[in-house]
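Trainee:
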Amino acid sequence: MEKIILYGSKYGSSRKYAEMLSASCNIKTISYEQASHLENMDKIIYIGSLYAGGVFGLSKFLRRFTIKDHQQFFLITVGLADPNIEENRIHLRQTLRKQYGHDFFERSNIFHLRGSIDYQQLSFKDKTLMTLLYKSLSKKPADRLSTEDRALIETYDKKVDFIDYDALRPIIREIQI
Ligand SMILES: Cc1cc2nc3c(=O)[nH]c(=O)nc-3n(C[C@H](O)[C@H](O)[C@H](O)COP(=O)(O)O)c2cc1C
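Numbering-wise (our numbering), the sequence shown opens with residue 31 and increments by one.
(1) In whole angstroms, what is the alpha-carbon distance linking PRO113 and GLU178?
(2) Measure the Cβ-Cβ separation of LEU122 and HIS142 and say whether it is below 8 Å.
(3) Does the structure place the segment 103 to 113 close enough to the segment 70 to 81 that three or more beta carbon pairs sit under 8 Å?
(4) Measuring CB to CB, does TYR149 end up less than 8 Å from LYS188?
(5) Within 7 Å: the Cβ of VAL108 and any heavy atom of ligand 1?
(6) Compute the Euclidean distance between the alpha carbons of GLY161 and LYS128, then round it to the nearest angstrom.
(7) Taking TYR195 as the reference, give the member of THR96, PHE91, ARG144 and GLY78 with the closest Cα.
(8) Mark ASN56 as exposed unless 16 or more other C-beta atoms lie within 10 angstroms of its C-beta, in which case mark it buried.
(9) Would you check whether ligand 1 has a heavy atom nearer than 7 Å to the C-beta of PHE154?
(10) In whole angstroms, what separates the C-alpha of SER205 from that of MET50?
(11) Out of curiosity, what's the CA-to-CA distance linking ALA48 and GLN64?
(12) In this structure, how does DSSP classify ILE97 when only helix, strand and coil are distinguished?
(13) From the DSSP output, in three-state form, read off SER146 for me.
(14) According to the neighbour-count rule (16 or more other Cβ atoms, all chains shown, within 10 Å of its Cβ), is PHE14 buried or exposed?
(15) Is ILE183 helix, strand or coil by DSSP?
(16) Using only the heavy atoms of ligand 1, determine whether one of them is closer than 7 Å to the beta carbon of ILE75.
(17) Could you check the C-alpha separation between THR96 and ASP191 for me, to the nearest Å?
(18) At a cut-off of 7 Å, is GLY87 close to ligand 1 when judged by its beta-carbon and the heavy atoms of the ligand?
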């Protein structure tokens, strides 16, 4: 059975998960930008980081490739919000369904992982976006903040690493079936 792991990563968290998954399952991993000739693949695993609710590189990828009926597609998101909190998971899934369409959402096996951030490493554009978001959230009354908003406020301008390779276990089981 042919399998490939693609990653969409700006600062390395998704790439690290992809490399660990690749080593654990013995499946080749490459950036989504290098993907080609996927028609022979039975399982395509896409690990992508969340940027304003979207998965990094996924729209570009889906413009280049159509997932065939015989192919299983795994979508693994990596973000700062804790996916073990139900409120975050529900919000994230609603956003993914809206952004990539109901059919794509329903045919994908979806998982969520937690990533990392180091504000010192952010590009000027990303830092500016986060600062604007932080400032607008800071003005909201505390009881109107979601857990995702709180996570952003708590980690603002810091270096935090929530990467947890143990969280790959259920994904590894599913991929190997
Ligand atoms: C501009 C910007 C927007 C982000 N948007 C989200 C988001 O919508 N949801 C989330 O959980 N994390 C969000 N994050 C956090 C990233 O998903 C997290 O840092 C991730 O680990 C980055 O992955 P990478 O190192 O592979 O690029 C955002 C980070 C930045 C800089």
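Glycine included, each C-beta is placed from N, C-alpha and C at the ideal position. These figures come from a predicted structure and were not determined experimentally.
Mentor: On the basis of the data shown:
(1) 10 Å
(2) yes
(3) yes
(4) yes
(5) yes
(6) According to the sequence as given, residue 161 is Thr; it is not Gly. Their backbone Cα atoms lie some 26 Å apart in a straight line.
(7) ARG144
(8) exposed
(9) no
(10) In the sequence under discussion, the amino acid at residue 205 is Ile, which differs from the Ser named in the question. Approximately 14 Å, taken between the alpha carbons.
(11) 14 Å
(12) coil
(13) strand
(14) Beyond the ends of the chain as shown, which are 31 and 207, falls residue 14; an answer cannot be given.
(15) helix
(16) no
(17) 34 Å
(18) no
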